[in-house]
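Residue numbers (my numbering): 17 to 273.
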């Protein structure tokens, strides 16, 4: 196999379905709370009932709609429960149609680590870490690393590493990855050769709804973007546009650019 063909035949990126954490975040923001009240650690936050329905809808769409990306041959998921449960729902639905698809997990697909900011709203960050909120505003979302956490650049390194593994282990195969907002956006950074400004502009203009689909198709020399943030699969269930689950909402509010 020559270097030009050493890549998956296609990569489909699915953001996890609506989680109980998404709902708790919305409640915290609406009540102007500093803390998002979630009992579980971030890795254990489950899907909501709607999130499970969204995951099943994605599987049905992949199996039934001729306009959808090809049915996957490999499913790899973030180990975080909301993503893994989304992947399992997809695998089970496709399995009922004859596809034997075990779900593998890879920690490189996990949610971005927010360190000290974990569990806080934007209001909470500004109240408890005002100097860090100002530093984040000065450095910018792409390069800023919360204390004890990861920057978007750190996530991009994970993505580059995972893509190298996919090229080695799954060249020529259809791969479905279930992950999180920041991770999927960093796939766009790497696969589309974007820079900081272009990526953050996309992130602001084209947020990823729960169970939205971003897909790349092989063109003989590499992978080209086929669709981004597509919500076709969940429109008959419900589109939940809760795009930012990788950092506190409104962290920049009240701070001049």
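The beta carbon of each residue, even a glycine, is placed where N, CA and C say it ideally should be.
Just so we're clear, the structure is a prediction, and the values are computed from it rather than from any experiment.
Handout entry: residue 237 burial status per 10 Å Cβ neighbour count (16 or more: buried)
Key = Translated into positions along the chain shown, residue 237 becomes position 221. With fewer than 16 other Cβ atoms within 10 Å, it is exposed.
Exercise for the section: Tell me whether residue 181 is buried or exposed, calling it buried when 16 or more other Cβ atoms sit within 10 Å of its Cβ. Expected result: Start at 1 with the first residue of the chain shown, and residue 181 comes out as number 165. Exposed, by the Cβ-count rule.
Practice task
Return helix, strand or coil for residue 143, following the three-state DSSP convention.
Solution key: For the purposes of this step, residue 143 is identified with residue 127 of the chain shown, where counting begins at 1. Three-state result, residue 143: helix.
Practice task
Measure the Cβ-Cβ separation of residue 255 and residue 243 and say whether it is below 8 angstroms.
Solution key: Indexing the chain shown from 1 puts residue 255 at position 239. Indexing the chain shown from 1 puts residue 243 at position 227. Cβ atoms of residue 255 and residue 243: not closer than 8 angstroms.
Handout entry: Contact check, residue 77 vs residue 84, beta carbons under 8 angstroms
Key = On the chain shown, residue 77 is found 61 positions in, with the first residue counted as 1. On the chain shown, residue 84 is found 68 positions in, with the first residue counted as 1. Taking 8 angstroms as the Cβ cut-off, residue 77 and residue 84 qualify as a contacting pair.
Practice task
Below 6 angstroms CB to CB, which residues in the same chain sit around residue 287 once its five sequence neighbours on both sides are set aside?
Solution key: Because residue 287 is not part of the residues shown, which for the chain are 17 to 273, the question remains open.
Problem - Beta-carbon proximity check, residue 102 vs residue 62, cutoff 8 angstroms - result: By 1-based counting over the chain shown, the position of residue 102 is 86. By 1-based counting over the chain shown, the position of residue 62 is 46. Result no, Cβ atoms of residue 102 and residue 62 do not sit closer than 8 angstroms.
Practice task
Please name the residue or residues paired with residue 31 in a DSSP beta bridge.
Solution key: For the purposes of this step, residue 31 is taken as residue 15 along the chain shown, with counting starting at 1. Residue 31 is bridged to 195.
Practice task
Within 10 angstroms of the Cβ of residue 2, are there 16 or more other Cβ atoms? Answer buried if so, exposed if not.
Solution key: The structure shown has nothing for residue 2, since the chain only spans 17 to 273.
Exercise for the section: Just list the alpha helix (DSSP H) runs in the segment 95 to 150, keeping only unbroken ones of 4 residues or longer that don't cross its boundaries, in chain order. Expected result: 97 to 111, 138 to 144
Handout entry: residue 30 vs residue 169 beta-carbon contact at 8 angstroms
Key = Counted from its first residue, the chain shown places residue 30 at position 14. Counted from its first residue, the chain shown places residue 169 at position 153. When the beta-carbon positions are compared, residue 30 and residue 169 stay at least 8 angstroms from each other.
Problem - Where residue 246 falls, given that 16 or more other Cβ within 10 Å makes a residue buried - result: Against the chain shown, residue 246 aligns to sequence position 230. Buried: at least 16 other Cβ atoms inside 10 Å.
Practice task
Could you give the DSSP three-state label for residue 61: helix, strand or coil?
Solution key: Sequence index remark: in the chain shown, residue 61 carries index 45 (1-based). Coil at residue 61, not helix or strand.
Handout entry: Host alpha helix (DSSP H) of residue 174 (start-end)
Key = Position 158 of the chain shown, counting from 1, holds the residue named residue 174. 168 to 185 is the extent of the alpha helix (DSSP H) around residue 174.
Practice task
Output the boundary residues of the alpha helix (DSSP H) element that contains residue 161.
Solution key: As a first step, residue 161 must be located in the chain shown, where it is residue number 145. Element bounds for residue 161: n/a, residue is neither H nor E.
Exercise for the section: Please state whether DSSP places residue 240 in a helix, a strand or coil. Expected result: Locating residue 240 in the chain shown gives position 224, where the first residue counts as 1. Residue 240: strand per DSSP, three-state reduction.
Exercise for the section: May I ask you to list the residues that DSSP assigns as paired with residue 91? Expected result: The sequence position of residue 91 within the chain shown is 75, counting from 1. Note: residue 91 sits in a beta bridge opposite 119, 192.
Exercise for the section: Sort 96, 80, 54, 73 by Cα distance to residue 106 and report the nearest one. Expected result: Here residue 106 is taken as the residue at index 90 of the chain shown, counted from 1. The shortest C-alpha separation from residue 106 is found at 73.
Problem - Neighbourhood of residue 196 by C-beta distance below 8 angstroms, restricted to the same chain and skipping five residues each side - result: Counted from its first residue, the chain shown places residue 196 at position 180. Residues of the same chain with a CB within less than 8 angstroms of the CB of residue 196, apart from the 5 flanking positions on each side, are 31, 32, 94, 96, 99, 125, 126, 127, 128, 261, 262 in chain order.
Practice task
Would you give the residue range spanned by the beta strand (DSSP E) that residue 230 belongs to?
Solution key: Working through the chain shown from its first residue, we reach residue 230 at position 214. Residue 230 -> beta strand (DSSP E) spans 229 to 234.
Exercise for the section: Could you please give me the residues that DSSP links to residue 51 through a beta bridge? Expected result: Along the chain shown, one-based indexing puts residue 51 at 35. According to DSSP, residue 51 bridges with 136.
Practice task
Would you mind giving the Cβ-Cβ distance between residue 191 and residue 88, rounded to the nearest angstrom? I have them listed as a contact below 8 angstroms.
Solution key: Working through the chain shown from its first residue, we reach residue 191 at position 175. Working through the chain shown from its first residue, we reach residue 88 at position 72. Right, the Cβ-Cβ distance comes to about 6 angstroms (below 8 angstroms), so this counts as a contact.
Problem - For residue 164, the nearest candidate out of 131, 60, 223 (CA to CA) - result: Here residue 164 refers to the residue found at position 148 when the chain shown is read from its first residue. When only C-alpha atoms are compared, the closest one is 131.
Handout entry: Buried versus exposed, by CB contacts within 10 Å (16 or more), residue 241
Key = Here residue 241 corresponds to residue number 225 of the chain shown, with the count starting at 1. Per the 10 Å Cβ criterion, exposed.
Exercise for the section: Using beta-carbon positions only, say whether residue 22 and residue 187 come within less than 8 angstroms of one another. Expected result: Position 6 of the chain shown holds residue 22. Position 171 of the chain shown holds residue 187. Result yes, Cβ atoms of residue 22 and residue 187 sit closer than 8 angstroms.
Handout entry: For residue 46 and residue 208, the rounded distance between their alpha carbons
Key = Start at 1 with the first residue of the chain shown, and residue 208 comes out as number 192. Start at 1 with the first residue of the chain shown, and residue 46 comes out as number 30. Cα-Cα distance, rounded: 36 angstroms.
Handout entry: At least 3 beta-carbon pairs within less than 8 angstroms: the segment 45 to 59 vs the segment 133 to 147
Key = yes
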